[in-house]
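**Student:**
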Amino acid sequence: MSLGVMRLHSFVRSHHKAEAGIKAYYEKKLLEGKHYNVVLSHVAKKLIRVIFHFIRTGELYKEVVYT
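Plus 469 on top of the position in the sequence shown (first one is 1) and you've got the numbering used here.
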């Protein structure tokens, strides 16, 4: 695992419950029966997609709850 991936997983482990939308997505994946580490990977990929979207479009972030 690369250093960047390890840092991303570390960030997700420590912050996945800080933002309501990400927390809801995290809990949804857990309820689907996914393993904790798999859920963290899904959350990390979701964050990357969200960040990339904002970089590409220039939009500002606003909190959205995923259900």
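Idealized CB from N, CA, C, for every residue including glycine.
1) Hey, residue 495 and residue 507: beta-carbon distance below 8 angstroms or not?
2) Write down the C-beta distance between residue 516 and residue 481 rounded to the nearest angstrom, noting that I regard them as a contact closer than 8 angstroms.
3) Looking at residue 513: is its Cβ nearer than 8 angstroms to the Cβ of residue 477?
4) Write down every uninterrupted run of the alpha helix (DSSP H) in the segment 471-532 whose length is 4 residues or greater and which is fully enclosed by it, in chain order.
**Tutor:** Put simply:
1) Against a cut-off of 8 angstroms, the Cβ pair of residue 507 and residue 495 comes out as no contact.
2) The beta carbons of residue 516 and residue 481 sit about 7 angstroms from each other, so the pair counts as a contact at 8 angstroms.
3) Taking 8 angstroms as the Cβ cut-off, residue 513 and residue 477 qualify as a contacting pair.
4) Along the segment 471-532, the alpha helix (DSSP H) occurs as fully enclosed runs of 4 or more residues at 472-484, 489-500, 505-526, listed in sequence order.
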